[in-house]
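Chains as they are written, first to last, in my numbering: chain F, 30 to 378; chain P, 30 to 378.
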C-alpha cells in the first residue's frame with residue numbers, strides 16, 4: 030500500500046493525512062446535532078454527491094472548486110476554461126451517482142472587480158451549462174481582497190433522477206463486471222498543486238509545446254474538465270450499469286469509493302501517454318503516486334455487467350463517448366490494481 | 030438618491046459600481062448560450078434564490094459566503110459563530126422566496142488543515158442546521174494556501190415548497206400592505222469590511238464592552254446571523270403574506286428587490302440603538318449609508334395584507350419571533366424611505 034506521504038505531492042504542499050483529519054473534525058462537529066429533518070436523506074456512503082428525497086422527488090447535490098488550477102489561469106491569463114471547469118467538476122460528480130445535472134450556482138471570490146476576466150469566466154460557464162443541460166440558478170461573486178490572493182472559482186450543482194430512475198451507488202457491482210473508461214482531456218482540474226510545483230522546479234516555459242503536442246503547454250494544461258453528462262445519461266437508467274465514478278482528485282483510487290469489498294483490476298487501462306507520460310518524466314514521478322493524483326487518461330468510468338458491456342459500449346460510442354473502452358474488470362478482493370505497472374492501492378481510511 | 034460612492038464603504042475598499050459592472054459582465058457571458066434545459070426555471074427577478082421545477086417538485090437554491098466577517102473570527106479566534114453564519118446567510122435567502130430550507134453544502138477554503146478551527150466551525154454548522162431543519166448534504170474543504178490569505182466560509186442551500194405551496198415573490202404586494210420586521214442579532218454577516226475599517230481606524234479593543242453592552246465587543250460583533258426559518262415557516266403558506274425579504278448586504282434598500290413599483294415607508298422602523306447606534310457614532314457614519322449597509326436592527330421582513338397583520342403578528346409571536354413588530358407600510362411610488370431620519374432610496378440600477 031502506497032503511503033500518502035512523504036511523496037512529491039506532500040512536498041508540493043498537500044498534506045493528505047492532516048487534511049483528512051481536519052475534515053473529520055469538521056464533520057464530527059457538524060454531526061453533533063441531529064438535523065430536525067425536512068425531507069429524507071438517503072444513504073450514499075463514500076459518494077460524490079448527497080441524496081435527498083423531497084416531495085416525492087429525489088435530488089442529488091454536490092459542491093467543488095476548481096482549486097489551484099486557477100493559478101495557471103492567472104499565469105497565462107486564460108479564464109474561459111476555468112468557467113467551464115466550475116461546471117465540469119460538479120456535474121461529473123452528479124453523474125457518479127447516476128443523477129441528471131439540472132442546475133448550478135457558481136461562487137467566485139475575487140481580489141478585484143475585473144470585468145474582462147469575469148466576462149471570460151461567464152463564457153466558459155455558459156459552455157459548461159450547455160454541455161451538461163444545467164440552468165444557472167444563482168451565484169455569488171464576492172470581491173474580497175482581504176481574503177483571497179487571486180481568484181477562487183467553485184460551484185454547487187443539483188441533479189435529479191428523471192422518471193424516478195434509481196440512483197447508481199455501486200451496491201450492485203459484482204466480481205466479473207467490466208470497467209468501461211471514458212477518455213479525459215488532460216488533467217481536468219486535479220493535481221495542479223503538484224503540476225505547478227514541477228513546472229516551477231524545472232523552469233518550464235508554458236508558451237512552448239511539449240514534444241509531440243500540437244498546442245502550447247498553457248493551452249494543453251488548462252483544457253477544461255470533460256463533461257460526461259451526455260454519455261452517462263445514455264446509460265444511467267440501464268440496469269446493467271452497476272457503478273459510476275468520476276476519476277478526480279484521488280485518481281484510480283477513487284474506485285474504492287464505490288465498492289469497498291471487491292477489487293478493480295485495471296488490466297487494460299491505457300499506458301501513460303501524451304501529457305501524462307510527459308508529467309511523469311518531467312517530475313520523475315513514482316507511477317504509484319501519479320495514478321492516485323491524476324486521472325491518467327481516463328476521467329470517468331462505468332462498471333457494468335460483463336454480458337452487456339459490448340451493447341453499452343456501442344451505445345456510448347454514438348452518445349458522446351466514441352473513445353470509450355474496456356479498461357478493467359472486477360474481481361474478488363479489495364482495492365485497485367494496475368497489474369502491468371505493478372500498482373496496488375487499498376481503499377481510503 | 031444617495032450615490033453609492035464616494036462613501037465610507039467605498040473608502041473601506043468596496044466599490045459597488047465596479048463590482049456590479051463586473052458581475053453584469055459575468056452574467057452576460059454566462060447567458061451567451063441558452064441552456065439545453067432539463068427542468069424548468071421559474072422567473073424570480075431580483076430575487077434571493079433561483080427557482081426550478083423538476084419532476085413535479087419546485088426547488089429553490091441559493092449560495093452565499095460569510096465574507097470578511099471571518100477576519101474578525103480570525104482576530105478573536107472564535108469559529109463556531111462562522112459555522113452558524115454559513116447556514117444563516119443562505120437559509121434566510123431561501124425564506125425570502127417562501128421556500129422551506131432542506132439541505133446545505135458548505136465550502137471552506139483554508140490556508141492550512143486546522144483541526145481545532147474546523148471542529149468549532151462544524152459545531153456552529155450543526156447549530157445552524159438544527160435551527161433551519163437542514164441536512165448537510167455534502168461539502169468541500171479545500172486546503173489552498175496559495176489561493177487564500179485566511180479562511181473563507183460559504184455554502185449553498187436548497188429549499189422546497191411543501192404541499193406545493195406557491196413561492197412568495199412579491200408580485201402581490203400592494204399599497205396599504207404592512208411591513209412586519211423581525212429583530213436581528215447585530216450585524217449578522219454584512220458590512221464587515223466597513224466595520225473592520227472603523228475598528229482599525231479608531232483602535233477599538235475588541236475585548237472590551239461598548240457602553241451599555243453585557244458582553245465584549247468581539248462576542249457582540251460575531252453573533253451569528255439569526256435564522257428566521259421557524260417564524261417564516263409559520264406564515265409562508267398564508268395567502269396574506271405578499272412578500273418576504275432578508276435584510277442583508279443592501280440594508281433596507283433590499284426591499285426594492287421584491288417590489289419595484291411601490292414605495293416602502295419604514296415609518297416605524299426602530300431608531301438606531303445598541304450596536305447600531307454605537308457603530309454610527311464610532312464611524313461618524315452618514316445614516317443614509319448605514320441603512321444601506323447594515324440591517325439596522327431588523328434582519329428580515331414580511332410584507333402582509335393590512336387587515337391580516339394583527340393575526341399574523343400573533344402567530345409569529347408564538348413561533349420563534351416574539352419581538353416581531355410593524356415597521357412600515359407600502360404606498361404608491363418607488364423606493365424606500367425612513368421618514369423620521371429623512372432617508373430615501375431608489376431601487377438598484
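Cβ atoms here follow ideal geometry from the backbone N, Cα and C, with glycine treated the same way.
Partners in chain F for residue i, counting only beta-carbon separations shorter than 7 angstroms
i                     : result
residue 111 (chain P) : Here the premise fails: no neighbours, minimum Cβ distance about 12 angstroms.
Close beta carbons around residue i, own chain, < 6 angstroms, minus the five adjacent residues each side
i                     : result
residue 81 (chain F)  : 68, 70, 88
residue 366 (chain P) : 294, 373
residue 315 (chain F) : none
residue 257 (chain P) : 121, 124, 211, 329
residue 265 (chain P) : 127
residue 30 (chain P)  : In this prediction, residue 30 (chain P) scores a pLDDT of 29, lower than 50, which makes its location untrustworthy; the coordinate-derived value is nonetheless stated afterwards. Closer than 6 angstroms at the Cβ level, and outside the excluded window around residue 30 (chain P), lie 375.
residue 296 (chain P) : 357, 368
residue 139 (chain P) : 172, 180
residue 247 (chain F) : 105, 235
residue 352 (chain P) : 212
residue 35 (chain P)  : The predicted position of residue 35 (chain P) is uncertain, since its pLDDT is 43 and thus under 50; a value taken from the coordinates is nonetheless stated next. Here the set comprises nothing.
residue 299 (chain F) : 326
DSSP bridge partner residues for residue i (one or two, in chain order)
i                     : result
residue 366 (chain F) : F:294, F:373
residue 86 (chain F)  : F:83
residue 139 (chain F) : F:172
residue 93 (chain P)  : P:184
residue 361 (chain F) : F:291
residue 130 (chain F) : F:188
residue 270 (chain P) : P:333
residue 165 (chain F) : F:133
residue 327 (chain F) : F:212
residue 275 (chain F) : F:329
residue 356 (chain F) : Bridge partners of residue 356 (chain F): none, in fact.
C-beta neighbour in chain P for residue i, strict 8 angstroms
i                     : result
residue 67 (chain F)  : yes
residue 181 (chain F) : yes
residue 97 (chain F)  : yes
residue 142 (chain F) : yes
residue 55 (chain F)  : yes
residue 375 (chain F) : no
residue 164 (chain F) : yes
residue 44 (chain F)  : yes
residue 178 (chain F) : yes
residue 207 (chain F) : no
Under 9 angstroms by beta carbon: chain F residues contacting residue i
i                     : result
residue 306 (chain P) : Neighbours of residue 306 (chain P) on chain F: none; closest Cβ ~26 angstroms, over 9 angstroms.
residue 321 (chain P) : Per Cβ cutoff of 9 angstroms: no residues; residue 321 (chain P) is ~17 angstroms from chain F at best.
Chain F contact for residue i (CB, 8 angstroms cutoff)
i                     : result
residue 152 (chain P) : yes
residue 349 (chain P) : no
residue 131 (chain P) : yes
residue 79 (chain P)  : yes
residue 370 (chain P) : no
residue 147 (chain P) : yes
residue 51 (chain P)  : yes
residue 261 (chain P) : no
residue 116 (chain P) : no
residue 120 (chain P) : no
residue 88 (chain P)  : yes
Contacts that residue i makes with chain F (C-beta to C-beta distance below 8 angstroms)
i                     : result
residue 191 (chain P) : 67, 84
residue 48 (chain P)  : 142, 170, 172
Residues near residue i by beta carbon distance below 8 angstroms, same chain, minus five either side
i                     : result
residue 48 (chain P)  : none
residue 304 (chain F) : 215, 216, 239, 242, 249, 250
Interface partners of residue i on chain P, CB under 7 angstroms
i                     : result
residue 92 (chain F)  : 134, 136, 167, 168, 169, 185
residue 100 (chain F) : 175
Contacts around residue i, its chain only, beta-carbon distance under 7 angstroms, and the 5 residues preceding and following it disregarded
i                     : result
residue 231 (chain P) : 311
residue 198 (chain P) : 73, 76, 126
residue 142 (chain P) : 172
Under 8 angstroms between C-beta atoms of residue i and residue j
i                     : j                     : result
residue 136 (chain P) : residue 184 (chain P) : yes
residue 177 (chain P) : residue 181 (chain F) : yes
residue 188 (chain P) : residue 259 (chain P) : no
residue 273 (chain P) : residue 331 (chain P) : yes
residue 158 (chain F) : residue 55 (chain P)  : no
Within chain P, partners of residue i - CB distance below 8 angstroms
i                     : result
residue 273 (chain F) : By Cβ distance, chain P contributes nothing, its closest Cβ being about 17 angstroms from residue 273 (chain F), past 8 angstroms.
Proximal chain P residues relative to residue i, where beta-carbon distance stays under 9 angstroms
i                     : result
residue 60 (chain F)  : 151, 155, 165
residue 197 (chain F) : Those do not exist, as residue 197 (chain F) stays about 17 angstroms from chain P at its closest Cβ, beyond 9 angstroms.
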